[in-house]
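Read the structure below first, then the notes.
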Amino acid sequence: MGLLSAGTPLDWDDTRVLADHVRKHGITQFLNLYQRIKTRRGDSFLWGDEIEYIVCSLDHPNRNAKLSLRQEEILAVLDKAAGANAELPKPVRADLELDQPEAAAMSSAAETIPFERNPAQPPPPSASASSAKPAASLVADDDDIPTFHPEYGRYMLESTPGRPYGVSLRQLIRVEANMRKRRQIARFHLRPDEIPITLTSFPRLGVTDGPFTEPEFEANGNASRSLFLPDQLINTHPRFPTLTANIRKRRGAKVAINMPIFVDKNTPQPFIDPSIPWDRNLFPKEDAEAKNGAAKENHIYMDAMGFGMGCCCLQVTFQACSIEEARSIYDALVPVGPLMLALTAASPAYRGYLADVDCRWNVISAAVDDRTPAERGLASLPTAEERAQYEAAHGGGGGGGCRMRMRKSRYDSVDSYLGKSTDPAFRQEYNDNPLEVDEEIKARLMRPLSEGGGGLDASLASHLAHLFIRDPLVIFSERIDQDDESSTDHFENIQSTNWQTMRFKPPPPDGTIGWRVEFRSMEVQVTDFENAAFSIFIVLLTRAIQSFGLNFYMPISKVDVNMQRAHVRDAIHTRKFFFRRQVFRGRSRHSTATASPKEGPSDGLAPGSSSSPADLDEGGASGSALPVDDEIAEYTIDELMNGKKSSNSNTKKRKGSTAGLEGGAAEDDDDDEQDDEEDDDDSFPGLLVLVTNYVDSLNVDLSTRAEIGRYLDLLSARANGSLITTATWIRDYVRSHPEYKFDSVVSQGINYDMILELDKIERGEVEAPTFLPGLYAKRRRDAEARSQVGKS
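Numbering-wise, my numbering puts 433 at position 429 of the sequence shown, and it's gapless, one number per residue.
As structure tokens, this is what we get:
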């Protein structure tokens, strides 16, 4: 969420003149921190999740599901209830970070202090005593009280576990119960007409044919100047309206989000949205943008940050044992991000229309795209003389967008791997995208320590120098000058407003937690069962990667291609995705696959640790390496998850939770023959098969193994089409609703009925056999019954 610092945020004119100041001191702060913690080792592998909810207010007489803008009041009640319960795990930072799990989820489970409201959080309105429900509802079986936090939209809540999870299978099978407990707590402290729903995008956010918030406000705010969204929808902390306004001011126009319309049999062609107030003149410059080309024909047009940052997601953060393991996990999960985006697709409707996409990512990317026309390639970059004149006229400072072209929004897919030349799996050719960097910052990061530099390797230096091409968007006047030895606020200012599919995070200055990696691409799912399943899979995949020494490197340009393919309607069945063909690391594949898993999860396996320097050429890659384009092939999601069978391979597709991998990682006997066969075909073992093989290598009781199998079975069924995605369910529900006119419109009544139906599905009151496993509803009802017995 960036830094929710107390203070006075500067407007854009004052912020831009401090851009170089923030960049310079941000790098100084990182280097000071890095020198203290670069050799940190031995942290336990811990992880946490973040789930975001939409709070819906149900207007039953008018059949309208609206967004409840009571975030501050709800959080005040939750905080009051939590404060009445013993003690909570100590937060490890005072700031909250947008679109990423709380660092509190990485706190030490052993340290506790009495709960207090975060001092960086704006004071909530006072809540009456009658609005606070019994605090006993917050007490879990293990006294692990979860935490709730604000998000960008005032209708959103963010929840994280009260303490981090470990990686044992017995801990993993408790994740769903923890998620369900958080939902129950939130629901318990809402009004009777409100429900917390885990829906990625609210289908009628920004409609103009009726109210979509409770209370209702007019879209006339000065921060966003949106035709559709009122500023009252934005979190009231000063950072958020300032962030919204400064993105618009830096860009030189409102953001322009255009998602292709889903063309049904009665959709007008061409589609020119009649709901846009084309002739509004409240803000003459901004209001004219839609008719001057910002709104595209045959697209759903949106014009404010809230359309993107008002989406909900599921994210997972890992604490690694060292910087080496963190870099290894980061790189390995980069190619997995688009696959999980496609598998979790859950957002096919925007501003009251069905879209011809299934995912949110491009919406958010456009919603915070602060690049100027020159940076986007729509205008010429200024000459050196013009740049000097601009700086002189605007007070200097290096901000304002005149330095270089930028291919992507600051919210987009990862641009480079962090691999080192000493890793036998990594090749510089994998970083095949042009990478814009601040050359001065990169040179400083790479200079030897003896010359006043940071001594960083090229990959890590390039990563940071790429992040720091961006301007800071919000600066608080009280935080301009900082102690660079003890603070990292300037570093986090830039770091936390680069929103990529992965985030590489150094430990905080207080040293309470270690190196972390965030996995950020997934869409939030309707049920806690699904959210637990996807989270558990990612955790187990990281363990399989480390234990088996798996290599997922592929050209990063193909990861970008996969990200766009993931957005396509029903992409998991209609598109193929690039992925590495051979995922085992040559000789190291057998030494890690047959030994490490039997000893349990490896917390300290460094990338390439089983290969000696003699195996490497001068570039750190295997001397027999193929051209990078020959290392990859295109696969369906089913093939990537469940495996692709070949006549030249023993690879078998996964069939339920008992499937394993025959040949490949688990067997040593015919390794040379197997390697030769894999060179000749594009078979693939399947990520679920690899995870299943890892789980089967552990000593675990049958009950726990069966529970893990249920979660993996969900992913397998989604991948092979036995169960549909949330996005497909939503589109099918709308199109089968008796009020639907096959004109792409999601009406007020349709949306109301759908929200109620999704809530019933989550609570197990109705079956959803095309969407969820057959036993889900019964298991959900049984879990609810057990929790009620516990309360009595």
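Each residue gets a CB set at the ideal place from its N, CA and C atoms; glycine is no exception.
Notebook entry, point to check: Which whole-angstrom value is the C-beta distance of leucine 318 and glutamine 568, which I expect to be below 8 angstroms?
Noted result: The pair is not a contact, with the Cβ atoms about 21 angstroms apart (cut-off 8 angstroms).
Note to self: Give me the DSSP bridge partner(s) of valine 699.
What the structure shows: The partner list for valine 699 (beta bridge, DSSP) is empty, contrary to what the question assumes.
Margin query: Tell me the residue span of the alpha helix (DSSP H) that contains serine 740.
Written below: 730 to 740
Next item on the list: Look up valine 340 in the DSSP assignment and say whether it is helix, strand or coil.
Entry: coil
Next item on the list: Helix, strand or coil for threonine 288, going by three-state DSSP, please let me know.
Entry: The question names threonine, yet the displayed sequence has proline at residue 288. Correct three-state label for proline 288: helix.
Next item on the list: Would you please state the rounded distance, in angstroms, between the beta carbons of tryptophan 519 and serine 332? I believe it to be under 8 angstroms.
Entry: Incorrect: roughly 11 angstroms between the Cβ atoms, too far for contact.
Check: Given a threshold of 16 other Cβ atoms within 10 Å of its Cβ, counted over all protein chains shown, does serine 463 qualify as buried or as exposed?
Finding: buried
Next item on the list: Starting from the N-terminal side, write out each stretch of the alpha helix (DSSP H) that is 4 residues or longer and does not extend beyond the stretch 265 to 322.
Entry: 288 to 291, 310 to 313
Item checked: Buried/exposed call for histidine 64, threshold 16 Cβ in 10 Å -> exposed
Margin query: Between which two residues does the beta strand (DSSP E) holding tryptophan 51 run?
Written below: 50 to 63
Next item on the list: Would you check if there are 3 or more beta carbon pairs closer than 8 angstroms linking the stretch 56 to 71 to the stretch 149 to 160?
Entry: yes
Note to self: On the DSSP bridge list, what partners appear for leucine 161?
What the structure shows: Tyr57
Checklist line | Alpha-carbon spacing of phenylalanine 538 relative to leucine 719, whole angstroms | finding: 7 angstroms
Note to self: Helix, strand or coil, according to DSSP, for glutamine 792 in the structure here?
What the structure shows: helix
Check: Taking Cβ positions, are tyrosine 394 and glycine 402 nearer each other than 8 angstroms?
Finding: no
Check: glutamate 769 by DSSP, collapsed to three states: which one?
Finding: coil
Notebook entry, point to check: Is aspartate 705 buried or exposed, if buried means 16 or more other CB atoms sit within 10 Å of its CB?
Noted result: exposed
Note to self: When you compare the stretch 275 to 288 with the stretch 359 to 372, are there three or more beta-carbon pairs, one atom per stretch, that lie closer than 8 angstroms?
What the structure shows: no
Check: Using a Cβ-Cβ cut-off of 7 angstroms (strictly less than) and excluding sequence neighbours within five positions of phenylalanine 179, which residues of its own chain qualify?
Finding: The question names phenylalanine, yet the displayed sequence has valine at residue 179. Within the same chain, valine 179 has close Cβ partners Tyr169, Ala536, Ser539, Ile540.
Notebook entry, point to check: Would the beta-carbon of threonine 204 fall within 8 angstroms of that of serine 417?
Noted result: no
Check: Does the stretch 260 to 272 come close enough to the stretch 185 to 205 that 3 or more CB-CB pairs lie under 8 angstroms?
Finding: no
Next item on the list: Ignore the nearest five residues each way along the sequence and tell me which others in isoleucine 765's own chain have a CB closer than 6 angstroms to its CB.
Entry: Ala772
Margin query: Between which two residues does the alpha helix (DSSP H) holding glutamate 180 run?
Written below: 179 to 192
Check: DSSP puts methionine 506 in a beta bridge; with which residues?
Finding: Phe523
Note to self: Using only the alpha-carbon positions, how far apart do aspartate 335 and leucine 545 sit?
What the structure shows: 13 angstroms
Check: Taking the C-alpha atoms as reference points, what is the distance between leucine 247 and asparagine 262?
Finding: 21 angstroms
Note to self: According to DSSP, simplified to helix, strand and coil, what is methionine 851?
What the structure shows: The structure shown has nothing for residue 851, since the chain only spans 5 to 796.
Next item on the list: Check whether the Cβ atoms of threonine 730 and alanine 349 sit closer than 8 angstroms, and answer yes or no.
Entry: yes
Next item on the list: Report buried or exposed for glycine 647, applying the criterion of at least 16 other Cβ atoms within 10 angstroms of its Cβ.
Entry: buried
Check: Given proline 339, which residues of its chain have a CB within under 6 angstroms of its CB, disregarding the five upstream and five downstream residues?
Finding: Phe556, Met558, Val563
Next item on the list: Please list the segments of the alpha helix (DSSP H) lying wholly inside the stretch 364 to 443, counting only runs of 4 or more residues, in order along the chain.
Entry: 365 to 371, 388 to 397
Check: Given that a residue counts as buried once 16 or more other Cβ atoms are within 10 Å of its Cβ, and exposed if not, what is alanine 575?
Finding: buried
Check: Hey, quick one: how far does the beta strand (DSSP E) through glutamate 489 stretch, first residue to last?
Finding: Segment: none, glutamate 489 is in no beta strand (DSSP E) and carries neither H nor E.
Next item on the list: With DSSP as the reference, label proline 777 as helix, strand or coil.
Entry: coil
Note to self: Can you give me the C-alpha to C-alpha distance between aspartate 373 and serine 500, rounded to a whole angstrom?
What the structure shows: 15 angstroms
Check: Hey, does alanine 548 have any beta-carbon neighbour from chain D nearer than 8 angstroms?
Finding: The structure shown contains no chain D; it is built from a single protein chain.
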